[in-house]
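*Asks:* Okay, here's the structure, questions in a sec.
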Amino acid sequence: MTISTAPIAPDKPVLEGLEDKWSQRWAAEETYAFRRPASREQVFSIDTPPPTVSGSLHVGHVFSYTHTDVIARYKRMRGYAVFYPMGWDDNGLPTERRVQNFYGVRCDPTLPYDPDFVAPAKPDPKRQLPIARMNFIELCQQLTAVDEQTFEDLWRQLGLSVDWRQLYSTISQESIRISQLAFLHNLSRDEAYLDYAPTMWDVTFQTAVAQAEIEDRDYPGFYHRVAFHRGDGQPVYIETTRPELLVSVCALIAHPDDPRYQDLFGSTVTDPLFGITVPVLAHRSAEMDKGAGIAMCCTFGDKTDVQWWRELSLPTRTVIGRDGRFSKDTPDWIVNAERYQQLAGKTVFTARELVVSLLRDSGNLDGDPKPTMRQVAFYEKGDKPLEIVASNQWYIRNGGKDETLRRQLLDRGQELAWVPAHMEHRYEDWVRGLNGDWLISRQRFFGVPFPLWYHLDQEGQISDQAPITPDEDSLPVDPMTQVAPGFSADQRDQPGGFTADKDVMDTWATSSLTPQLACGWTRDPQLWSLTFPMDMAPQAHDIIRTWVFSRMVRANFEEHCLPWQTATVSGFVRDPDRKKMSKSKGNAIVPTDILNRYGSDAVRWRAAMARPGTDSPFDETQMKVGRRLAMKLLNASKLVLNLPNNHPSHWQLSDVTVAVDQSMLATLNGVIDLATAAFESYQYTDALEATERFFWSFCDDYIELVKERAYGHQLGDDTINPGATDASLRPEVRSARSALGLALTSLLRLFAPFCPFVTEEVWRWWHTDSIHLSAWPSPDETNMEADESILEAVSWALTAIRGSKSQLKLSMKAPVESIAVTGPSELIAALRQAEADLRAVGQIIGPVIWVEGSQPAKLQVHLATSAN
RNA sequence: GGAUCCAUAGCUCAGUUGGUAGAGCACUUCCCUUACAAGGAAGGGGUCGUCGGUUCGAGCCCGGCUGGAUCCACCA
147 MTISTAPIAP DKPVLEGLED KWSQRWAAEE TYAFRRPASR EQVFSIDTPP PTVSGSLHVG
207 HVFSYTHTDV IARYKRMRGY AVFYPMGWDD NGLPTERRVQ NFYGVRCDPT LPYDPDFVAP
267 AKPDPKRQLP IARMNFIELC QQLTAVDEQT FEDLWRQLGL SVDWRQLYST ISQESIRISQ
327 LAFLHNLSRD EAYLDYAPTM WDVTFQTAVA QAEIEDRDYP GFYHRVAFHR GDGQPVYIET
387 TRPELLVSVC ALIAHPDDPR YQDLFGSTVT DPLFGITVPV LAHRSAEMDK GAGIAMCCTF
447 GDKTDVQWWR ELSLPTRTVI GRDGRFSKDT PDWIVNAERY QQLAGKTVFT ARELVVSLLR
507 DSGNLDGDPK PTMRQVAFYE KGDKPLEIVA SNQWYIRNGG KDETLRRQLL DRGQELAWVP
567 AHMEHRYEDW VRGLNGDWLI SRQRFFGVPF PLWYHLDQEG QISDQAPITP DEDSLPVDPM
627 TQVAPGFSAD QRDQPGGFTA DKDVMDTWAT SSLTPQLACG WTRDPQLWSL TFPMDMAPQA
687 HDIIRTWVFS RMVRANFEEH CLPWQTATVS GFVRDPDRKK MSKSKGNAIV PTDILNRYGS
747 DAVRWRAAMA RPGTDSPFDE TQMKVGRRLA MKLLNASKLV LNLPNNHPSH WQLSDVTVAV
807 DQSMLATLNG VIDLATAAFE SYQYTDALEA TERFFWSFCD DYIELVKERA YGHQLGDDTI
867 NPGATDASLR PEVRSARSAL GLALTSLLRL FAPFCPFVTE EVWRWWHTDS IHLSAWPSPD
927 ETNMEADESI LEAVSWALTA IRGSKSQLKL SMKAPVESIA VTGPSELIAA LRQAEADLRA
987 VGQIIGPVIW VEGSQPAKLQ VHLATSAN
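Per this note's numbering, residue 147 is the first one in the first sequence, and the count goes up by one each step.
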């Protein structure tokens, strides 16, 4: 056998620089490239969440993406061709908002395209520069490209094993094509439809928003007691928090059984300011004990108004425009036009103040307004309350109005494997609680255009005919610049001609198709058949109602199946006060800082300690623990590899002949089984804990115990002499070296999914190929029929000896005169097999006395007096 | 108002089918030891939120309560 005299490990191994070194090598060697195997069974495919590039990544992202990567690396080592794409969600409103703030511009679709346009070097905070739609879109593309590079750099530093060749972005031409194609399919099957209906409307962004994007916030307001008047002049008091909506009043409504209003039903009353005469109607959802018991119904103040409007067939009296201001023209139902003109063009807030003072001056406000705190609907990214506006919008059916479909989607939720299992409740709650279909149209610019045109009638009005759709092969289309089939360009927006649908789809309408985008739907049939339905859908738990659900809706319509087999859910990283981290609160931790300080392996270790679905508070001291593990891996590896004249090619399972060495390998095999089982059920934390527990005991007890033997010192062996051959080593030495080496080889691979950098560094000290492409350790490699309790007994004895020395405040090197061990015969038998090692590590110079007995195990240490 | 999760050492969390309470961090003491000072060894520390039930036996099973997190509904 050839002897390598050069040490394999460097003298002072360090963690610094490993991220750069290995991320570059992995890129160059295409370590994580997806290579198409013959069959679907050999593939593990992951529907990676595409991060929103307009935001910034915080530690929460780093944690949850690590959770996915750990699984991906495990599956890769199990021999799967791992399909692990990355996507950028750069489409939609968040990007528009970022571009507006970054460059100080806003999109004005009426302006012509300026090919020479250059973005202002410095944004004017007071005045946004209006620019053309295409100029605006170009800026969106420019800025997202920069942001995406930053994101990619971070993911590479973190060591995500994604295949960067599978990168997609939600605003790419291909994403637009797929979004439009899926939409046209939905349209042709009547799963998508256009409806004129009241929708939640954000006045800042001037767009409709979907139910899933709405959140309730506390919002202060006042109850105003306002007098309407009967025909005989008698007042009827209502209470309202929105007095400005008096201009939109359609009816007063009370409960049919309310005795106070029986004589009013069927009569009419007049509002105190504008001369609007409205009927008094009965409806069972009016509550007698709320406010005055009689409510004014306006179009629209809240969802109850919408219900009354629909069920009582009330007129639509919209006054607030899409910009959140009162319309300039006096609506035709208003009698007192002069008074209305005081409100025209005003914002809701200003109008409210004005109406209140008008009411007060006219004596129609009873008492002072009473302050109240209410829950008001907001767009999650907005900061003004949503208005309800009736408008034409596109919807995709989601079971919110259809029990059969709802049932179908609930069944899909049960069919899906959830990790952790209880997350399925959140899905069910959401689907059960849906009260309308999914609104996908947005009155915005940077997004997927609806691939639609409409016929214009002879008056130039949009006709009721079905929309004009493009040929599927012509996708993607931009209906604003491309001409509807069967028309010529000069017929655009002309009577008898056509007009484009000017809306874009919401981001979710595209991201609901990430399995289709990533897996090559209608583009690459071979890839599609190899990767879809996908295996794993990772995400954080805030996104169950949106992304998880919407992908299930789309796959259900398009493929009649689940988009993936398993959904894994990560918890949040919270700040030390347990608050959710968010950029707006200013409590988000910037990940690059922490990665640079502790190293990626350390941060990944901490991430993997957070179990699926569990939130964890951010605690920087935990990062040190991960770093210590990484350092320990370096140093323990160095010890094993740099034993004099040791070389991995010498390590033979058949050489492991000493009982304690066999016991250690048998214990390790149990750990491998446990870690493997844990990974199979996505419980990466359990795998890590089992591995780590073994590893620390391996270092603290086993290595300490056999170190002297492995060096050959204790046996007076000549192994340290240069020129000694492997065959000349005593069997006890070879046993220790082989056991150490084989255990190290397995341990490195057990840690590889968690700490990819340090394990790769060590692995490559003597391998040419990546550890991440090596096989996951199997107990077969270290197959050992041995008694695990020997190692356990030896660890116990070691701890006892060290304890005695520590109690007497002695060095661990202090010599021991003798020890006496009392205990059951099995324990004694186990320990006797490791007596020589125990003597060496404990510096026992005198006799070891064994006493078999039934009493509890005890170890007495008699220290040499000269030790003091 | 409905739902889900949670309450175990100062902190963060484990605790399998019920059988004498565990780990890491922090703390105390000791050790500059030939892999490791961003180290090592040893040690102290808990009425398992609360009340009741089942059981020979409950951190674990059942019910009530309190406190917390999250989601949904309601909000004239």
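Every residue gets a Cβ at the ideal spot worked out from N, C-alpha and C, and that includes glycine.
Tell me the DSSP secondary structure of Gln-560 in three-state form.
*Replies:* Reduced to three states, the DSSP call for Gln-560 is helix.
*Asks:* Please name the residue in Pro-970, Cys-443, Tyr-226 whose C-alpha comes closest to that of Thr-423.
*Replies:* Of the candidates Pro-970, Cys-443, Tyr-226, the one whose C-alpha sits nearest the C-alpha of Thr-423 is Cys-443.
*Asks:* Please return the same chain residues whose Cβ sits closer than 6 Å to the Cβ of Ser-696, not counting the five positions on each side in sequence.
*Replies:* If we look at Ser-696 and ignore the five residues flanking it on each side, its Cβ neighbours are Trp-654, Ser-658.
*Asks:* Rounded to a whole number of angstroms, what is the C-alpha to C-alpha distance between His-1008 and Ile-947?
*Replies:* The straight-line gap from Cα to Cα measures roughly 10 Å.
*Asks:* Taking 8 Å as the cut-off, decide whether the C-beta atoms of Ile-384 and Ala-432 are in contact.
*Replies:* No, the pair does not count as a contact, with Cβ atoms beyond the cut-off.
*Asks:* Does DSSP put Asn-1014 in a helix, in a strand, or in coil?
*Replies:* Confidence is the limiting factor: at Asn-1014 the pLDDT is only 37, short of 50, which leaves the residue's position unreliable and the question unanswerable from this model.
*Asks:* Excluding the 5 residues preceding and the 5 following Gln-989 in the sequence, name in chain order all residues of the same chain whose CB lies nearer than 7 Å to its CB.
*Replies:* Counting only Cβ-Cβ distances below 7 Å, and skipping sequence neighbours, we find Lys-959, Ala-960, Pro-961, Val-962.
*Asks:* Considering only the alpha carbon of each residue, which of Leu-937, Met-434, Glu-176, Leu-894 lies closest to Asp-403?
*Replies:* Ranking Leu-937, Met-434, Glu-176, Leu-894 by Cα distance to Asp-403 puts Met-434 first.
*Asks:* At what residue ranges does the region 637-725 contain a whole run of the beta strand (DSSP E), taking only runs of 3 or more?
*Replies:* Fully enclosed beta strand (DSSP E) runs of 3 or longer: 644-646, 680-686, 710-716.
*Asks:* Which partner residues of Leu-275 appear in the DSSP bridge assignment?
*Replies:* Looking at the DSSP assignment, Leu-275 forms a beta bridge with Val-251.
*Asks:* Just curious, the beta strand (DSSP E) that Asp-341 is in, first and last residue?
*Replies:* Start and end: 338-348.
*Asks:* For the region 813-825 against the region 741-755, do three or more pairs of beta-carbon atoms, one drawn from each stretch, fall closer than 8 Å, so that the two count as touching?
*Replies:* With the cut-off at 8 Å, the region 813-825 and the region 741-755 do not touch.
*Asks:* Run through DSSP, which three-state label would Pro-240 get?
*Replies:* Here Pro-240 sits in helix by DSSP.
*Asks:* Please report the residue range of the beta strand (DSSP E) in which Thr-414 lies.
*Replies:* First-last of the beta strand (DSSP E) with Thr-414: 414-416.
*Asks:* Could you check whether the region 252-271 touches the region 281-288, counting it as contact only if at least three pairs of C-beta atoms, one from each stretch, sit closer than 8 Å?
*Replies:* The region 252-271 vs the region 281-288: in contact.
*Asks:* What do you reckon, are the CB atoms on Phe-190 and Asp-832 nearer than 8 Å?
*Replies:* In this structure, Asp-832 does not lie closer than 8 Å to Phe-190 by Cβ.
*Asks:* Helix, strand or coil for Ile-440, going by three-state DSSP, please let me know.
*Replies:* In this structure, Ile-440 counts as strand in the three-state DSSP scheme.
*Asks:* Work out the CA separation of Ser-315 and Arg-691 for me, nearest whole Å.
*Replies:* Each residue's alpha carbon lies about 22 Å from the other.
*Asks:* Going by the beta-carbon positions, is the gap between Thr-656 and Ile-608 smaller than 8 Å?
*Replies:* The answer is no: Cβ separation not under 8 Å.
*Asks:* Three-state secondary structure (DSSP) at Gly-606?
*Replies:* Three-state DSSP puts Gly-606 in coil, outside helix and strand.
*Asks:* Starting from the C-beta of Pro-276, find all residues in its chain whose C-beta is less than 8 Å away, skip the five residues before and the five after it, and write them out in chain order.
*Replies:* Only Val-251, Arg-252, Cys-253, Asp-254, Leu-257 meet the Cβ criterion.
*Asks:* List the DSSP bridge partners of Leu-1009.
*Replies:* Leu-1009 is bridged to Val-962.
*Asks:* In whole angstroms, give me the CA-to-CA distance for Lys-784 and Leu-834.
*Replies:* Rounded to whole angstroms, Lys-784 to Leu-834 spans 22 Å at the Cα level.
*Asks:* Does the Cβ of Trp-942 have 16 or more other Cβ atoms within 10 Å, making it buried, or fewer, making it exposed?
*Replies:* With 16 or more Cβ atoms within 10 Å of its Cβ, Trp-942 is classed as buried.
*Asks:* Going by Cα to Cα distance, which pick from His-429, Val-264, Pro-763 is closest to Leu-458?
*Replies:* Ranking His-429, Val-264, Pro-763 by Cα distance to Leu-458 puts His-429 first.
*Asks:* Taking all protein chains shown into account, do 16 or more other C-beta atoms lie within 10 angstroms of the C-beta of Trp-247, making it buried, or fewer, making it exposed?
*Replies:* The sequence given here has Asn at residue 247, not Trp. Exposed, since its Cβ has fewer than 16 Cβ neighbours within 10 Å.
*Asks:* With DSSP run on the structure shown, which of helix, strand or coil describes His-207?
*Replies:* Correct three-state label for His-207: helix.
*Asks:* Secondary structure at Ile-1016, three-state DSSP: helix, strand or coil?
*Replies:* In the structure as shown, the chain begins at 147 and stops at 1014. Residue 1016 is therefore absent and cannot be evaluated.
*Asks:* Alpha carbon to alpha carbon, what distance is there between Leu-937 and Ser-809?
*Replies:* Cα to Cα, the separation comes out at about 6 Å.
*Asks:* Short check: CB of Lys-272 to CB of Tyr-369, under 8 Å?
*Replies:* In this structure, Tyr-369 does not lie closer than 8 Å to Lys-272 by Cβ.
*Asks:* By Cβ distance below 6 Å, which residues in the same chain neighbour Tyr-830 in space, the five residues on each side in sequence not counted?
*Replies:* Taken in chain order, the residues that qualify are Val-216, Ala-754.
*Asks:* What residue does the beta strand (DSSP E) around Asn-332 start on, and which one ends it?
*Replies:* Note, Asn-332: premise wrong, no beta strand (DSSP E); alpha helix (DSSP H) at 319-334.
*Asks:* Is the beta carbon of Gly-999 less than 8 Å from the beta carbon of Gly-969?
*Replies:* A contact, by the Cβ cut-off of 8 Å.
*Asks:* Relative to the C-alpha of Gly-447, which residue among Val-494, Thr-476, Gln-628, Arg-371 is closest?
*Replies:* The candidate whose alpha carbon is nearest that of Gly-447 is Val-494.
*Asks:* Excluding the 5 residues preceding and the 5 following Ala-932 in the sequence, name in chain order all residues of the same chain whose CB lies nearer than 6 Å to its CB.
*Replies:* Gln-808, Ser-809, Ala-812.
*Asks:* What's the gap between the Cα of Pro-595 and the Cα of Ile-735?
*Replies:* C-alpha separation (whole angstroms): 36 Å.
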